[in-house]
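Student:
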Amino acid sequence: MTLDQGALEVQVKIVGFGAVDESERARLSGLGVRLGVLVTKHIPTPLQDPIECLVGSQLLALERRLLRRIRVEIV
10 MTLDQGALEV QVKIVGFGAV DESERARLSG LGVRLGVLVT KHIPTPLQDP
60 IECLVGSQLL ALERRLLRRI RVEIV
């Protein structure tokens with residue numbers, strides 16, 4: 010399952026990335042989006058993009074196109 014498919018308020022763990030180039034992966038890593046990190050989707054914006062996600066202890070607004078590339082599993 011990818012992060013964009015996950016339900017709101019359900020904690021998931023990042024298990025992989027699909028079709029993410031090195032620069033994008035470095036950017037995500039700098040934001041704390043790494044393998045094994047726990048993520049909870051919280052608040053979709055009115056236009057459904059970006060989505061606010063709690064990544065570890067940080068609240069980030071991530072674009073839906075990125076959420077489609079992050080593979081997760083329910084904890």
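The sequence shown begins at 10 in this note's numbering and counts up one residue at a time.
Note that the Cβ used here is the ideal one computed from N, Cα and C, for glycine as well.
Source: prediction; values computed, not measured.
1. On a Cα-Cα basis, can you pick out the residue from E18, T11, T54, P59 that is closest to A28?
2. Checking the sheet assignment: what are the DSSP bridge partners for G25?
3. Roughly how many whole angstroms lie between the Cα atoms of L17 and H51?
4. On the three-state DSSP scale, how would you describe A70?
5. Is it the case that the Cβ atoms of E82 and A70 are separated by a distance below 9 Å?
6. DSSP on L63, reduced to helix/strand/coil?
7. Does the beta-carbon distance from K22 to L47 come in below 9 Å?
Tutor: Short version:
1. Of the candidates E18, T11, T54, P59, the one whose C-alpha sits nearest the C-alpha of A28 is T11.
2. G25 is bridged to R80.
3. Going from the Cα of L17 to the Cα of H51 covers about 6 Å.
4. Residue state for A70 is assigned as strand, using DSSP reduced to three classes.
5. Against a cut-off of 9 Å, the Cβ pair of A70 and E82 comes out as no contact.
6. Looking at L63 - three-state DSSP - the assignment turns out to be strand.
7. For K22 and L47, yes; Cβs fall inside 9 Å.
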